[in-house]
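Worksheet: the structure to be examined is printed underneath.
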Amino acid sequence: MRDKDKQSFAEQVLEDRVGGLNTLNELLVDYNYHIRPSVDKNLPLQINVSIHVLNVEWKADKLTLLYSICQSWNDDRLIFKISFIYLISTTTIFLISSVAKRKFYQAIVKQLLRQS
Numbered sequence: 393m394r395d396k397d398k399q400s401f402a403e404q405v406l407e408d409r410v411g412g413l414n415t416l417n418e419l420l421v422d423y424n425y426h427i428r429p430s431v432d433k434n435l436p437l438q439i440n441v442s443i444h445v446l447n448v449e450w451k452a453d454k455l456t457l458l459y460s461i462c463q464s465w466n467d468d469r470l471i472f473k474i475s476f477i478y479l480i481s482t483t484t485i486f487l488i489s490s491v492a493k494r495k496f497y498q499a500i501v502k503q504l505l506r507q508s
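Right, dumping it as structure tokens:
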């Protein structure tokens with residue numbers, strides 16, 4: 393197999409997504425979603441509910457709503473574990489001038505256009 397520097401953009405994205413799924417699977421190995429997410433069962437669990445109305449339409453005495461509902465809560469069982477520190481990869485970050493950055497992005501776009 394080719395080394396990471398020679399991989400295509402699509403191969404790198406696929407590899408990153410598979411790696412992310414493996415990480416998620418490892419984080420959830422001992423997680424039981426049937427159990428209420430609270431350490432103390434006598435304390436109430438705060439659940440935040442947001443309703444976002446995206447569109448309202450009134451036509452021929454009929455009201456139509458397009459909305460999304462988002463629920464969120466904290467689950468203390470999903471806290472960060474130091475044993476997962478090995479899953480974090482490092483990347484070298486460097487600063488470049490805006491002219492060099494523009495040329496860099498133009499080169500990437502040209503390469504992507506050639507591949508498609």
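In terms of the working numbering, the sequence shown is residues 393 to 508. Virtual Cβ for every residue (Gly too), placed ideally from N, Cα, C.
Distance check for residue j and residue i, CA to CA, integer angstroms please.
| i | j | result |
| --- | --- | --- |
| L420 | V445 | 33 Å |
| L457 | V441 | 18 Å |
| Q507 | Y459 | 39 Å |
| V448 | Q503 | 44 Å |
| S490 | I471 | 40 Å |
| I461 | V501 | 37 Å |
| K433 | I427 | 10 Å |
| K454 | S400 | 52 Å |
| A492 | A452 | 58 Å |
| K495 | Y425 | 49 Å |
| Q463 | W450 | 27 Å |
Report yes if the C-beta distance between residue i and residue j is below 9 Å; otherwise report no.
| i | j | result |
| --- | --- | --- |
| D467 | P436 | no |
| A469 | Y497 | A quick correction: the sequence has Arg, not Ala, at residue 469. For R469 and Y497, no; Cβs fall outside 9 Å. |
If I measure Cβ to Cβ from residue i and keep anything under 8 Å in the same chain, skipping five residues before and after, which residues do I get?
| i | result |
| --- | --- |
| Q438 | W465 and N466 |
Pull up the DSSP beta-bridge partners for residue i, would you.
| i | result |
| --- | --- |
| N417 | In the DSSP output, where bridge partners are listed per residue, N417 has none listed. |
| L471 | Checking the displayed sequence, the identity of residue 471 turns out to be Ile instead of Leu. None; I471 has no bridge partner. |
| V491 | According to DSSP, V491 bridges with nothing at all. |
Going along the chain, which residues of its own chain have a beta-carbon closer than 7 Å to the beta-carbon of residue i, five neighbours each way excluded?
| i | result |
| --- | --- |
| I443 | Y459 and I461 |
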